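Q:
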Amino acid sequence: PVEAVKWARVIISTALSNMQHVLVEEFRRKISSESLIEKYAQGLIHLAESLGGAIIVYSKTGRMVPLLSRHRPLTPVYIGSWSRKLMERATIYYGLNPVDLSSKLSETVDYERGVEEVYSKLRDLGVIKIGDIVVKSYSKPVVNQHEIRVEVVV
29 PVEAVKWARV IISTALSNMQ HVLVEEFRRK ISSESLIEKY AQGLIHLAES
79 LGGAIIVYSK TGRMVPLLSR HRPLTPVYIG SWSRKLMERA TIYYGLNPVD
129 LSSKLSETVD YERGVEEVYS KLRDLGVIKI GDIVVKSYSK PVVNQHEIRV
179 EVVV
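See the structure below:
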């Protein structure tokens, strides 16, 4: 089983690296974004791709996970949460890289701090480096507030 998973990973990585942008764009045209949060997710991906930046998202509920994945992002998307269970579920979604912060954060942490903790962990791991462009984001569904910040890593 371990060897089968290793080969499956090689096959998937090869297929994804050869996927043409045209196919992704054609797929995206068929998606209809109805709600504000769906349009927000779509816009977030388009913004990050146009800037050549990575997306950093903090989520308490996991609502953004399928919304981001369905647009087949062509840029790295890092999604962090206080909930280990939510991060485990996020591993099955296309194009998302879960960042588990369950040992560091609780459910009561505010969204701004959550995004900064994801960013800090990625910096510590060397995933993002000086000069990289990052698009930090979170969505507060209860108050229908969505925020995007674009930064250059210094």
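Quick note: to get the working numbering, add 28 to the position in the sequence shown (first position is 1). Where is the CB? At the ideal position from N, CA and C, for every residue including glycine. Nothing here was measured: the structure is a model prediction, and the numbers come from that model.
Does DSSP put P169 in a helix, a strand or coil?
A: Looking at P169 - three-state DSSP - the assignment turns out to be coil, as it is neither helix nor strand.
Q: In chain order, what residues of the same chain lie with their CB nearer than 8 Å to the CB of H99, ignoring the 5 residues before and after it?
A: Taken in chain order, the residues that qualify are R56, I59, A69, Q70, I73.
Q: So what does S109 bridge to, in DSSP terms?
A: DSSP output for S109 lists D128 as bridge partner(s).
Q: Contact defined as beta carbons within less than 8 Å: I believe I84 pairs with V143. What is the distance between those atoms, to the nearest angstrom?
A: About 6 Å separates the two Cβ atoms, so the contact holds.
Q: Between which two residues does the beta strand (DSSP E) containing Y86 stretch?
A: From DSSP, the beta strand (DSSP E) with Y86 extends over 82-86.
Q: So who's on the other strand from R177, going by DSSP bridges?
A: Note: R177 sits in a beta bridge opposite K164.
Q: Are Y106 and L150 closer than 9 Å when you measure CB to CB?
A: Going by C-beta atoms, Y106 is nearer than 9 Å to L150.
Q: Give the DSSP-derived three-state secondary structure of V155 in the structure shown.
A: Of the three classes helix, strand and coil, the one that applies to V155 here is coil, per DSSP.
Q: Measure how close the beta-carbons of G123 and S87 come, nearest whole angstrom, since I'm counting them as under 8 Å.
A: Contact flag wrong, Cβ pair sits at about 15 Å.
Q: Over the uninterrupted alpha helix (DSSP H) stretch that includes P94, give me the two end residues.
A: 92-97 is the extent of the alpha helix (DSSP H) around P94.
Q: Pull up the distance between the alpha-carbon of L95 and that of V30, whole angstroms please.
A: For L95 and V30, the distance between alpha carbons rounds to 31 Å.
Q: Can you name, in chain order, every residue of its own chain whose Cβ lies under 7 Å from the Cβ of P126, other than the five neighbours on each side?
A: Excluding residues within five positions, the ones whose Cβ falls inside 7 Å are I107, M115, A118, T119.
Q: Quick one: grab the DSSP three-state call for Y139.
A: Residue state, collapsed to three classes: helix.
Q: In chain order, what residues of the same chain lie with their CB nearer than 8 Å to the CB of Y147, ignoring the 5 residues before and after it?
A: Within the same chain, Y147 has close Cβ partners I84, I156, V162, K164.
Q: For the putative contact between I176 and L44, defined by C-beta atoms under 8 Å, what is the C-beta separation to the nearest angstrom?
A: That belief does not hold up - the Cβ atoms of I176 and L44 are roughly 25 Å apart, past 8 Å.
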